[in-house]
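Enquirer:
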Amino acid sequence: MKTTILVILLSSLLCLTAAAETVQVTTRENALRKDCRFFAPVKLKVTLGDRLTVKGRKGDWYLVSARGVNGCIHKSAVETRSFASAGRGAATGGASADEVSLAGKGFNPQVEDGYRKSNKELNYAAVDEIIRISVSESDLESFVLKGGLIQP
Amino acid sequence: MKFRIPSTALGLMLLPTLLSLFLAGCKVSDLTPERLDAIVSSVQSIGKAARPLSDDEEYYVGRAVAARLTASYPLYRNSRLTDYLNLIGQTIALHTEKPTTFGGYHFALLDSPEINAFACPGGIILITRGMLASVKSEDELAAVLAHEIGHIIHRDGIAAIQSSRWTEALLVIGSNAAREFGPKDTAKLVSLFEGSIDDVFKTLVVNGYGRDQEKNADSAALEYLAAAGYDPQGLTGYLTRLEQAGKGSKGGILATHPGTEERLENVRQATVATVDTSSLPSRSKRFAEITR
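One line per chain: the protein sequences are A and B, in this order.
The first sequence lines up with residues 0 to 151 when you count with numbering that gives the first Met the number 0.
The second sequence lines up with residues 0 to 291 when you count with numbering that gives the first Met the number 0.
#1: Taking 8 Å as the threshold, find out whether the segment 17–37 of chain A comes into contact with the segment 55–66 of chain A through three or more Cβ pairs.
#2: Report the three-state DSSP secondary structure of His153(B) (helix, strand or coil).
#3: Starting from the Cα of Thr81(B), find the closest Cα among Leu144(B), Gly156(B), Gly121(B) and Tyr208(B) and give me that residue.
#4: Please check if any C-beta of chain A sits within less than 9 Å of the C-beta of Ile148(B).
#5: Straight-line CA distance for Arg115(A) to Asp217(B)?
#6: Would you say Ser136(B) reaches chain A, if we count a Cβ-Cβ gap shorter than 9 Å as a contact?
#7: Is the CB of Val110(A) under 9 Å away from at least one CB in chain B?
#8: Please decide whether Ala186(B) counts as near chain A, where near means a Cβ-Cβ distance under 9 Å.
#9: Can you tell me which of Arg262(B), Val204(B), Ala65(B) and Pro280(B) puts its alpha carbon nearest to the alpha carbon of Ile130(A)?
#10: Check whether the segment 225–238 of chain B touches the segment 133–141 of chain B, counting contact only when three or more Cβ pairs, one atom from each stretch, lie closer than 8 Å.
#11: Give the DSSP-derived three-state secondary structure of Glu113(B) in the structure shown.
#12: Name the two residues that bound the continuous alpha helix (DSSP H) containing Thr69(B).
#13: Check whether the Cβ atoms of Leu340(B) and Tyr72(B) lie closer than 9 Å to each other.
#14: Should Thr99(B) and Ser75(A) be called a contact, given that it needs their Cβ atoms to be closer than 9 Å?
#15: Contact check, Ala118(B) vs His150(B) under 8 Å by CB: the rounded distance?
#16: Among Phe180(B), Ser78(B) and Phe192(B), whose alpha-carbon lies nearest the alpha-carbon of Gln161(B)?
#17: Hey, how far is the Cα of Leu9(B) from the Cα of Thr273(B)?
#18: In the DSSP assignment, find the beta strand (DSSP E) that holds Gly55(A) and state where it starts and stops.
#19: Taking buried to mean at least 16 other C-beta atoms within 10 Å of its own C-beta, is Glu46(A) buried or exposed?
#20: Using a Cβ cut-off of 9 Å (strictly closer), state whether Ser19(B) contacts chain A.
#21: With DSSP collapsed to three states, give me the class of Val199(B).
#22: Please report the distance separating the alpha-carbon of Leu84(B) from that of Thr185(B).
#23: Kindly list the residues whose CB is nearer than 7 Å to the CB of Phe21(B), restricted to its own chain and excluding five residues on each side of it in sequence; keep chain order.
#24: What first and last residue would you give for the alpha helix (DSSP H) that runs through Thr25(A)?
#25: By how many angstroms is the C-alpha of Ser283(B) removed from the C-alpha of Arg291(B)?
#26: According to DSSP, simplified to helix, strand and coil, what is Lys119(A)?
#27: By DSSP, does Gly236(B) sit in helix, in strand, or in coil?
#28: So, are the CB atoms of Leu238(B) and Thr259(B) less than 9 Å apart?
#29: Interface residues of chain A around Lys183(B) at Cβ under 8 Å?
#30: Please report the straight-line C-alpha distance between Lys97(B) and Asp55(B), rounded to a whole angstrom.
#31: Any Cβ of chain A within less than 9 Å of the Cβ of Tyr237(B)?
#32: Ordered along the chain, which non-local residues of its own chain (more than five positions away) have a Cβ less than 6 Å from that of Ala96(A)?
#33: Examine chain B for any beta-carbon lying closer than 9 Å to the beta-carbon of Asp138(A), and answer yes or no.
#34: Please name the residue in Asp59(A), Gly55(A), Ile132(A) and His73(A) whose C-alpha comes closest to that of Val41(A).
#35: So what does DSSP say about Val205(B), is it helix, strand or coil?
#36: Please classify Asp170(B) as buried or exposed, where buried requires at least 16 neighbouring CB atoms within 10 angstroms.
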């Protein structure tokens, strides 16, 4: 019995250690950058739920690795994960279906779908159009430079 | 701002569960992956019981609010102006404490002569053609966007949701262990979602934000503008025009408490960082070229 409890405690400790070294992407898409600043070259695209191994901190940035690639990601794009994500495939860079399901419970696409069905007058087509609007990083960098603004 | 269970706390919550299993006569071999998953799910449900809206939930609220706004105000489709708006907005966002949101920041124009701007939770910011026409420089336009970004980062729209709705939603969420909700739970959540959208919409369009919310969004805007290299005085210029336009008008952005006059006074009294204004003429030139 003593041995069993010891095994469980050790396993829990190992899980907690792994969790402390892992962060998970909380935005739909993001990137690992070569240097810890916006506009630095992108080394790897990451998406919601990807798990990243933390190598260090630099100001508001995490130094992380995923899929064998090292890079920087801003702290606002990740969160530290709890037990469930720590023990299972942290190095693979993908959340399990269970985790995604749990994370997505609440006001989610299923609820939005129900809301849309009962409110046909809503203009979700316009919203999808707005969400697709994007400016390229090179255009943004050039805009900042030409306007005498400060590089982020 | 998400509620998270610290790893240590989660471990402490999990241990008694595991120990009780052994005390009840379970063996290690009884702990199948399925049972472990069930335990983990239960612990996570406990942790979720008192959480605020998460970033992804905020995103779906924001989409719904934007869908309602664009049902009343059609989009003004001018790619040159829309790109310009997004370049200014993204530049400011990158200098805030929250440069990225779940779905990102997106800026669009509404085809209305009214002077108005709306910060939909999660990152969609809509301004009217009337607002664009009322500002006189890129730095004033940047001030409009910085103020709205402030409302998003402070979650002022989300704060309008009646707490009882979210408490009720959490009960439904917490009671359901399945990956998808059943028809009854879905209907309940859709109803609570609809009520939440009504709350946010009413604040954005009819009642306006509260005194502290406006003051804090203005303070944040001054910081963001200075950090990005824009002249914070752009906010004074924008509020001055808003005050002039507000005479005899009501509703939307002009229905805020405090009124524009008080906001203007607060901004004038605020301590503002000094910025290099030598590039103001080049920004004013491109503003004139793009908006003419």
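Glycine is no exception: its CB is placed at the ideal position from the N, C-alpha and C atoms.
Computed from a predicted structure; not experimentally measured.
Expert: This is what the structure holds:
#1: yes
#2: Taking the first residue of the second sequence as 1, we reach residue 153(B) at position 154. It is coil, neither helix nor strand.
#3: Counting from 1 along the second sequence, the entry for residue 81(B) is found at position 82. Checked all of Leu144(B), Gly156(B), Gly121(B) and Tyr208(B); the closest Cα to Thr81(B) is Leu144(B).
#4: Taking the first residue of the second sequence as position 1, residue 148(B) is located at position 149. So, not an interface residue.
#5: Within the first sequence, numbered from 1, the residue matching residue 115(A) stands at position 116. Within the second sequence, numbered from 1, the residue matching residue 217(B) stands at position 218. Whole-angstrom Cα-Cα distance: 34 Å.
#6: As a first step, residue 136(B) must be located in the second sequence, where it is residue number 137. Taking Cβ atoms only, chain A never reaches closer than 9 Å to Ser136(B), which makes this a no.
#7: Counted from its first residue, the first sequence places residue 110(A) at position 111. Chain B contact via Cβ: present.
#8: Working through the second sequence from its first residue, we reach residue 186(B) at position 187. It does; some Cβ of chain A falls within 9 Å.
#9: Here residue 130(A) refers to the residue found at position 131 when the first sequence is read from its first residue. When only C-alpha atoms are compared, the closest one is Ala65(B).
#10: yes
#11: Along the second sequence, read from residue 1 onward, the residue named residue 113(B) stands at position 114. Note: Glu113(B) maps to coil in three-state DSSP.
#12: Along the second sequence, read from residue 1 onward, the residue named residue 69(B) stands at position 70. Asp54 to Ser71 is the extent of the alpha helix (DSSP H) around Thr69(B).
#13: In this structure chain B extends from 0 to 291, so residue 340(B) is not present and cannot be described.
#14: By one-based count along the second sequence, residue 99(B) stands at place 100. By one-based count along the first sequence, residue 75(A) stands at place 76. Yes. Within cutoff.
#15: Stepping through the second sequence from its first residue, residue 118(B) is reached at position 119. Stepping through the second sequence from its first residue, residue 150(B) is reached at position 151. 4 Å between Cβ atoms; contact.
#16: As a working note, residue 161(B) is residue 162 in the second sequence. Measuring from the Cα of Gln161(B), the nearest candidate turns out to be Phe192(B).
#17: Taking the second sequence and counting its residues from 1, one reaches residue 9(B) at position 10. Taking the second sequence and counting its residues from 1, one reaches residue 273(B) at position 274. Low local confidence applies: a pLDDT of 42 at Leu9(B) is under 50, so the model's placement there is unreliable, and no value is given.
#18: Locating residue 55(A) in the first sequence gives position 56, counting from the first residue. Note, Gly55(A): beta strand (DSSP E), Arg50 to Lys57.
#19: Counting from 1 along the first sequence, the entry for residue 46(A) is found at position 47. What sits at residue 46(A) in the sequence shown is Thr, not Glu. Burial call: exposed.
#20: Indexing the second sequence from 1 puts residue 19(B) at position 20. Confidence at Ser19(B) is low in this model, with a pLDDT of 42, below 50, so its placement is unreliable and no value can be given for it.
#21: To locate residue 199(B), count along the second sequence from 1; it is residue 200. Correct three-state label for Val199(B): helix.
#22: Walking along the second sequence from the start, residue 84(B) turns up at place 85. Walking along the second sequence from the start, residue 185(B) turns up at place 186. The straight-line gap from Cα to Cα measures roughly 37 Å.
#23: What you label residue 21(B) is simply residue 22 of the second sequence in a count that begins at 1. Because Phe21(B) carries a pLDDT of 45, less than 50, the predicted location of this residue cannot be relied on, and no value is offered for it.
#24: Taking the first sequence and counting its residues from 1, one reaches residue 25(A) at position 26. No alpha helix (DSSP H) contains Thr25(A), which DSSP labels as neither H nor E.
#25: In the second sequence, counting from the first residue as 1, residue 291(B) sits at position 292. In the second sequence, counting from the first residue as 1, residue 283(B) sits at position 284. Rounded to the nearest angstrom, the two C-alpha atoms are 12 Å apart.
#26: Here residue 119(A) is taken as the residue at index 120 of the first sequence, counted from 1. Lys119(A) falls in the coil class under three-state DSSP.
#27: Numbered from 1 along the second sequence, position 237 holds the residue referred to as residue 236(B). DSSP places Gly236(B) in helix when its eight states are reduced to three.
#28: Numbered from 1 along the second sequence, position 239 holds the residue referred to as residue 238(B). Numbered from 1 along the second sequence, position 260 holds the residue referred to as residue 259(B). Going by C-beta atoms, Leu238(B) is nearer than 9 Å to Thr259(B).
#29: Position 184 of the second sequence, counting from 1, holds the residue named residue 183(B). Those do not exist, as Lys183(B) stays about 12 Å from chain A at its closest Cβ, beyond 8 Å.
#30: The residue labelled residue 97(B) in the question sits at position 98 within the second sequence. The residue labelled residue 55(B) in the question sits at position 56 within the second sequence. Their backbone Cα atoms lie some 15 Å apart in a straight line.
#31: Stepping through the second sequence from its first residue, residue 237(B) is reached at position 238. Tyr237(B) does not count as touching chain A.
#32: Numbered from its first residue, the first sequence carries residue 96(A) at position 97. With a pLDDT of only 40 at Ala96(A), under 50, the local geometry of the prediction cannot be trusted, and the value read off the model is given with reservation. Taken in chain order, the list of residues that qualify is empty.
#33: Looking up residue 138(A) in the first sequence gives position 139. So yes, Asp138(A) belongs to the interface.
#34: Translated into positions along the first sequence, residue 41(A) becomes position 42. The residue with the shortest Cα to Cα distance from Val41(A) is His73(A).
#35: The sequence position of residue 205(B) within the second sequence is 206, counting from 1. Helix.
#36: For the purposes of this step, residue 170(B) is taken as the residue at position 171 of the second sequence. At residue 170(B) the sequence reads Leu, which differs from the Asp that was named. Flag for Leu170(B) reads exposed.
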